[in-house]
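Data block below; observations after.
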Amino acid sequence: MDFKQIQELVKMINKSNISELSIEQDKFKITIKQKDNEVQQVIAVPAAAAPIQTVAAVAPAAAPVQAAATPAAAAPAAPKADNLITIKSPMIGTFYRSAGPDKAPFVNVGDEIAAGKVVCIIEAMKLFNEIESEVSGKIVKVLVDDATPVEYDQPLFLVEP
Numbered sequence: 023m024d025f026k027q028i029q030e031l032v033k034m035i036n037k038s039n040i041s042e043l044s045i046e047q048d049k050f051k052i053t054i055k056q057k058d059n060e061v062q063q064v065i066a067v068p069a070a071a072a073p074i075q076t077v078a079a080v081a082p083a084a085a086p087v088q089a090a091a092t093p094a095a096a097a098p099a100a101p102k103a104d105n106l107i108t109i110k111s112p113m114i115g116t117f118y119r120s121a122g123p124d125k126a127p128f129v130n131v132g133d134e135i136a137a138g139k140v141v142c143i144i145e146a147m148k149l150f151n152e153i154e155s156e157v158s159g160k161i162v163k164v165l166v167d168d169a170t171p172v173e174y175d176q177p178l179f180l181v182e183p
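Number 170 in our numbering belongs to position 148 of the sequence shown; there are no gaps in the numbering.
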């Protein structure tokens, strides 16, 4: 059995409800198991090297959703766009604002965060990775909707130091 065949087996197991598969051929034996429990991995988000220049240019589509969700948070004076720090996604996956559908979000607009605080979870290949902030400050804007796919280095939050 070659490497490509093994990869295809793993893909098929991941798509099915099979929890374990064992194959024996001559002197070759392979067992593929799917984990039942969800593993959480903590990944620190690097701080942005340069402050973001324009808030509206980052994610204009996210503004109406956030404004509708928290009208009181949108009322304060607009933050200066030149001093904002962007928390970016360290990986490709699915963005979640909370640990579960019935749980409160890790952070909301207006929340003060410290370095090391979990700000979201990104699910990648059935692993739930807690994303920690490397900056301290106040969450000014959430740029991604809950349960949506994100790309590597995609802006997730704007933070006012």
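Don't be surprised by glycine CBs; every beta carbon is placed ideally from N, CA and C.
Counting beta carbon pairs with one atom in the region 148-162 and one in the region 42-53, are three or more of them shorter than 8 Å? no
In the DSSP output, which residue or residues are listed as bridge partners for G115? Beta-bridge partners of G115 (DSSP): V172.
Residues of its chain near C142, where Cβ-Cβ distance is below 7 Å and the 5 sequence neighbours each way are ignored: Result list for C142: F117, Y118, R119, F128, I153, L178, in chain order.
Around the Cβ of Q27, are there at least 16 other Cβ atoms within 10 angstroms (buried) or fewer (exposed)? exposed
Taking the alpha-carbon positions, what's the P183 to G159 distance? 4 Å
Indicate whether I144 and M113 have their beta-carbon atoms separated by less than 8 Å. yes
Could you give the DSSP three-state label for I28: helix, strand or coil? helix
Is A99 buried or exposed, if buried means 16 or more other CB atoms sit within 10 Å of its CB? At A99 the pLDDT is 48, less than 50, meaning the model places this residue with poor confidence and gives no usable figure here.
Just the C-alpha distance for F150 and E30, rounded to the nearest angstrom, thanks. 24 Å
Could you say which of F25, K37, N36, N39 lies nearest to I52 if we only look at CA atoms? F25
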